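Below: the structure, in structure tokens.
Numbering (the working numbering), first residue to last: 23 to 369.
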């Protein structure tokens with residue numbers, strides 16, 4: 023955070039008081055997220071425990087298990103979190119429109135950020151898996167592959183983008199932009215990434231969160247980031263799940279593990295030819311988005327279009343990390359989710 027542009031020194035006469043107030047503000051924000059997270063877990067666990075005692079067989083059904091996790095979270099847990107975070111003072115961003123062409127270019131860059139950071143995340147988790155002697159579970163992939171398509175669409179494409187963008191873009195950015203757009207954007211990405219609770223998702227959630235927060239801080243328009251988030255989740259959840267079903271990856275894995283019988287492999291390919299063609303088209307799409315988006319990002323960086331403006335209150339260089347992160351609320355929030363990520367890695 024110390025490297026963000028657009029910041030100047032705070033007046034020495036007011037610096038101590040402003041920094042103290044800023045630390046208190048960020049601590050309060052982190053504290054409300056901690057309390058909200060505890061309540062969110064509670065409203066998820068209580069129904070699951072009750073059902074586990076009275077009807078344990080229900081939870082063996084992936085759809086039922088996801089419903090008992092998602093319904094309490096979206097109808098009770100996240101609304102409670104929103105109520106708590108709204109206690110923290112906020113500023114209203116000026117709302118600006120975005121032309122269709124700019125939205126399309128933003129979508130291309132959004133996909134590039136997601137795919138590039140996902141590759142980095144997969145490399146990291148693969149290395150960790152090798153070091154610990156077993157693979158690192160991909161939680162979101164396991165959920166998407168085992169549940170019904172309609173439920174994946176409802177949870178990942180509708181509910182998650184709306185609630186997550188409101189909480190991690192609007193609520194966080196509106197409450198931190200007074201300290202500079204750079205602080206607001208980075209904190210939004212960091213808290214969003216950590217909230218996913220696993221390393222597989224942290225890399226791309228952190229990067230994607232930063233990009234979406236940048237768009238929100240520049241437009242003040244949550245509909246834009248929600249739409250982009252929905253597109254990302256639709257392709258990553260619904261389309262990917264459909265492709266995996268069409269190519270029957272489990273059958274392919276079985277044939278390979280049984281010694282690559284040529285006759286069996288040929289029969290498998292002929293039976294799933296349409297699925298593999300669709301999968302190849304999807305890979306071309308991924309590569310196209312990755313290359314085109316990366317070029318757009320580089321061009322915009324060279325032309326200095328990713329400008330982050332200073333806020334009404336300016337935190338001096340050398341004191342930003344300590345002010346924003348090293349306070350009680352933020353430390354507890356970060357440590358909680360770091361522990362959750364570590365637990366997921368070692369399980």
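We treat Cβ as the ideally placed atom computed from N, Cα and C, and that holds for glycine. Keep in mind it's a predicted model, so treat the numbers as computed, not measured.
Taking the alpha-carbon of residue 319 as reference, which of 167, 133 and 212 has the nearest alpha-carbon?
Along the chain shown, one-based indexing puts residue 319 at 297. Out of 167, 133 and 212, 133 has the C-alpha closest to the C-alpha of residue 319.
| task | Would you kindly check if the distance between the Cβ of residue 66 and the Cβ of residue 95 is under 8 Å? | result | Against the chain shown, residue 95 aligns to sequence position 73. Against the chain shown, residue 66 aligns to sequence position 44. Yes, the Cβ-Cβ distance between residue 95 and residue 66 is below 8 Å.
For residue 98, I'd like the list of residues in its chain whose CB is within less than 7 Å of its CB, leaving aside the five on either flank, ordered along the chain. Against the chain shown, residue 98 aligns to sequence position 76. The residues are 65.
Exercise for the section: Please look up how many angstroms separate the CB atoms of residue 221 and residue 147, rounded, as I've assumed it's under 8 Å. Expected result: Against the chain shown, residue 221 aligns to sequence position 199. Against the chain shown, residue 147 aligns to sequence position 125. The pair is a contact, with the Cβ atoms about 6 Å apart (cut-off 8 Å).
Assuming residue 196 is part of the alpha helix (DSSP H), what are its boundary residues? Translated into the one-based positions of the chain shown, residue 196 becomes position 174. Taken as a continuous stretch (DSSP letters only), the alpha helix (DSSP H) holding residue 196 covers 194-198.
Helix, strand or coil for residue 49, going by three-state DSSP, please let me know.
-> The sequence position of residue 49 within the chain shown is 27, counting from 1. In the structure shown, residue 49 sits in a helix (DSSP, three-state: H, G or I).
Proximity below 8 Å, CB of residue 243 to CB of residue 118
Stepping through the chain shown from its first residue, residue 243 is reached at position 221. Stepping through the chain shown from its first residue, residue 118 is reached at position 96. Cβ distance < 8 Å, so residue 243 and residue 118 count as in contact.
Along the chain, where does the alpha helix (DSSP H) containing residue 304 start, and where does it finish? The sequence position of residue 304 within the chain shown is 282, counting from 1. First-last of the alpha helix (DSSP H) with residue 304: 295-324.
Next on the checklist: Give me, in chain order, the residues of the same chain whose beta-carbon lies closer than 7 Å to that of residue 367; leave out the 5 immediate sequence neighbours on both sides.
Outcome noted: Against the chain shown, residue 367 aligns to sequence position 345. Once the five neighbours on either side are set aside, the close Cβ partners of residue 367 are 150, 158 and 221.
- Query: How about residue 70 and residue 91: are their beta carbons less than 8 Å apart?
  - Reply: In the chain shown, residue 70 corresponds to position 48, counting from 1. In the chain shown, residue 91 corresponds to position 69, counting from 1. Yes, these two residues count as a Cβ contact at 8 Å.
| task | Inspect the beta-carbon positions of residue 301 and residue 269 and report whether they are closer than 8 Å. | result | Taking the first residue of the chain shown as position 1, residue 301 is located at position 279. Taking the first residue of the chain shown as position 1, residue 269 is located at position 247. Contact flag set, yes.
- Query: Can the beta-carbon of residue 53 be found closer than 8 Å to that of residue 350?
  - Reply: Here residue 53 is taken as the residue at index 31 of the chain shown, counted from 1. Here residue 350 is taken as the residue at index 328 of the chain shown, counted from 1. Yes, the Cβ-Cβ distance between residue 53 and residue 350 is below 8 Å.
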